[in-house]
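First residue of the sequence shown? That's 891 in the working numbering, and the numbers climb one at a time after it. Think of the CB as a built atom: it goes at the ideal place given N, C-alpha and C, for glycine as much as any other residue.
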Amino acid sequence: MTHRAPLPRSTRSAIVFIALLQGLALYLVQELGDSWPFHDIGSRYRWYAWVLTVPTALALTLVDLRDRRMWLHAALASAVVLGLASWIGWNLHGETDLDSEPLRLPFSLAMAIATFISLPWWQHRLQHGHWRASYDALFERAWQNGLTLALAAAFTLLTWLLLWLWGALFELLKISLFRDLFREAAFIALATGTLAGFGVLIGRTQSRAIQITRQVLFAMCRGLLPLLAFITVIFALSLPFTGLAALWGTRSAASLLLTLVLLLVTFVNAVYQHDSDAPPYPAWLRRLVEGSLLALPVLAGLALYATALRVGQYGWTVERFWAVLIAVLALGYALGYAWAALRRGGRWLQGLEPVNRVMCWAVLATALLASSPVLDPVRITLASQRARLLAHPGAVTVADAMLLRFDLGRRGVQALREVRRDPAFAADARAASVVDQVLARRERWGVEPAIDAGIRDPQVLRRRLTLASGSTSPPESWWQALLARKLDAGDCLEGERPCVVVHRDFDGDGVQDVLLCVLPPHAVVACRLHAQGRQAWWDVGTYHLVSDAGREGRERLQAAVRAGAVVPQMPRWPGLSVAGQPPVSLDEAHDEPEDTP
């Protein structure tokens, strides 16, 4: 580790003061609310983005307050952050009741990643006067910054726990002064900022403690990497025997595969010793790790393919856009690390160094461009979802309309209005009704009336419901009762889940009943039983048919329902009615005993 001169007293004071001002700045935007200069959401987002990034970078970098290069870098970083935050703020301005999280969360994470990646280069130039940083220098500074921030967060949390204990102890004595003080918004903001500043100062001045912490983490990774490599290898070797159908049948294949890839990349980086010629493992363990790295392109490729399947089925969304970017970057790391595992000569896995250099610039460029109008996930999502809605108006769901209304900013609302005005879309009464109801909403959730997105057209309903094998069509009165919402239809009047109708006399009274079953992707099939009374149809109740045999059992259960293989089973013991009271059914708590000799 490079030894640095102690920080001057003025610099140490400035680090804490910067953090204190950060807390004050966040408190001001909360207190002023819609007042100037935070009168619109764009201004607030610019303020939040700048306060949380540039001053944090300064606190981690500051050595000499008179260094002009540092202030020049801060000005350039401010211009980038404010420009990108203005773009996000513009997307959220101009329409009411938008949900900011789908755009705000990816932007916040992208800015955090961009700051973390670019900071070691910035720090190196301030110390040496040029950008040509060695791998060793970048490696050391990246871990130093990460552990310093982790230490600051831990120090702040522990101090707040002590303050909570302070207030709770005096509350036992009926003295609420401290508890009330610690709950004040101004105190919380200023105290948290000051504590975070002291935490950063501790991390920057106690380099020996940071080095020891890093060594402990590296030792843990060195011990766990062989296990992770073994898991990766046996999983990759199992794929040819199990096939990929099981992966595509889940909704978490891509996320789990990407988690495995990124964990392996992180652990290998922690174990690789760029300053030591001695390998960390014996030869047979090194071969195991190399085998896991050779499997990475397969796993990353499968994750990218699984994400692409979702895009092909349901179109682009902001979430899927970022998932594809992450999968592409993970594939880049995977290919580079596989190449490093095959490369011979030099230190073990020395090829990781150029791969990490190239990929860190790729990650930085992706984080910045995807948060700007250049890539613009909102534009891509709008083009995809608009084409889907116009191509199949009858298949529009509440979730489709909600996505445009709340998740994609002002352009999403405008696109939804344009879709509603399209002649082909407006001709579908149900689709137009769904969009009108969603446009009229002020909240995604809450106390507003539920959106009725059900089928209204009798012909559409008949096409939507499938008759079980051997079943005749129910009478017209049942279809009309279903359309009029006088019967419980489950999800059969909306959504895209298949539904099956079984028309049969289930209670033996000589009158045909109707069993309406929804076939969901999980193992429970919900069936509503409808009976015809003297004047109208009525809901008898619901059956939940359960299969515990996994995917094969679920498929057999749904196939049996489609085939109409539903057999009524009368209870062995009758219900009892005493003194004219309603009958009570028997709760059969015990099975019939087996014969014994």
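Thr1432: member of the beta strand (DSSP E) spanning Trp1427 to Val1436, first to last residue.
Secondary structure note for Thr1356: its beta strand (DSSP E) is the uninterrupted segment Leu1355 to Leu1357. As computed with DSSP, Asp1403 is found in a beta bridge with Arg1394. Residue state for Cys1250 is assigned as helix, using DSSP reduced to three classes. The Cβ-Cβ distance between Val1208 and Leu993 falls below 8 angstroms. The stretch 1037-1085 is shown to contain whole alpha helix (DSSP H) runs of 4 or more residues at 1067-1072, in chain order. Where Cys1417 is concerned, there is no enclosing alpha helix (DSSP H), although the beta strand (DSSP E) around it starts and stops at Val1414 to Gln1422. Burial check for Pro945: the Cβ neighbour count within 10 Å reaches 16 or more, so the residue is buried. Of Gly1299, Leu1080 and His1282, the smallest CA-CA separation from Asp1312 is found for His1282. Rounded to whole angstroms, the gap between the alpha carbons of Leu1447 and Ser1437 is 7 angstroms.
Considering only Ala1255, Leu1183 and Pro1010, the residue with the shortest C-alpha distance to Leu1115 is Leu1183. Met1110 is classed as exposed because its beta carbon has fewer than 16 other beta carbons within 10 Å across all chains shown. Under the DSSP assignment, Gln1327 falls in the alpha helix (DSSP H) whose first and last residues are Ala1319 to Leu1329.
By alpha-carbon distance to Asp1026, the top candidate from Ala1040, Trp1011 and Gly1019 is Trp1011. Per DSSP, Asp1290 is one residue of the alpha helix (DSSP H) stretching across Val1288 to Met1292. If you draw a straight line from the Cα of Asp1347 to the Cα of Ser1262, it comes to about 44 angstroms. Comparing C-alpha distances from Val1253 to each of Tyr917, Met1001 and Leu974 shows the shortest one belongs to Met1001. For Trp1138, the CB contacts under 8 angstroms within the same chain, skipping 5 residues up- and downstream, are Ala1196 and Leu1199 in chain order.
If you check the CB distance, Val1090 and Ala1042 come in under 8 angstroms.
Cys1382 carries a coil assignment under DSSP once its states are collapsed to helix, strand and coil. Counting of Cβ neighbours within 10 angstroms places Leu999 among the exposed residues, the total staying below 16. Here Val1457 carries a coil assignment [DSSP, helix/strand/coil].
In the structure shown, Val1264 falls within a coil segment according to DSSP collapsed to helix, strand and coil.
Runs of the alpha helix (DSSP H) lying entirely within the stretch 1184-1236 and spanning at least 4 residues, in chain order: 1208-1232. DSSP places Pro1130 inside the alpha helix (DSSP H), whose first and last residues are Ser1097 to Thr1132.
Taking a 10 Å sphere around the C-beta of His1412, we find fewer than 16 other C-beta atoms and assign the residue as exposed. With fewer than 16 other CB atoms across the displayed protein chains lying within 10 angstroms of its CB, Gln1203 is exposed. Beta-bridge analysis with DSSP links Leu1466 to Val1474. The stretch 1054-1061 makes no contact with the stretch 1091-1104; the number of CB pairs closer than 8 angstroms stays below 3. Under the 10 Å beta carbon count, Trp961 is surrounded by fewer than 16 other beta carbons and is classified as exposed. Nearest to Leu1085 by alpha-carbon distance, out of Leu948, Val1457, Leu911 and Trp1368, is Leu911.
In this structure, the beta-carbon distance from Thr1005 to Ala947 falls below 8 angstroms. Taken atom to atom, the span from the alpha-carbon of Phe1396 to that of Glu1445 is near 24 angstroms. With contacts defined as CB atoms closer than 8 angstroms, Cys1382 and Val1350 fail to qualify as a contacting pair. Selection Gln1425, Ser1361, Arg1387 and Val1468 evaluated against Val1456 yields Ser1361 as nearest (Cα-Cα).
Cβ neighbours of Leu988 within its own chain (closer than 7 angstroms, five residues either side excluded): Leu982, Phe1296 and Gly1299.
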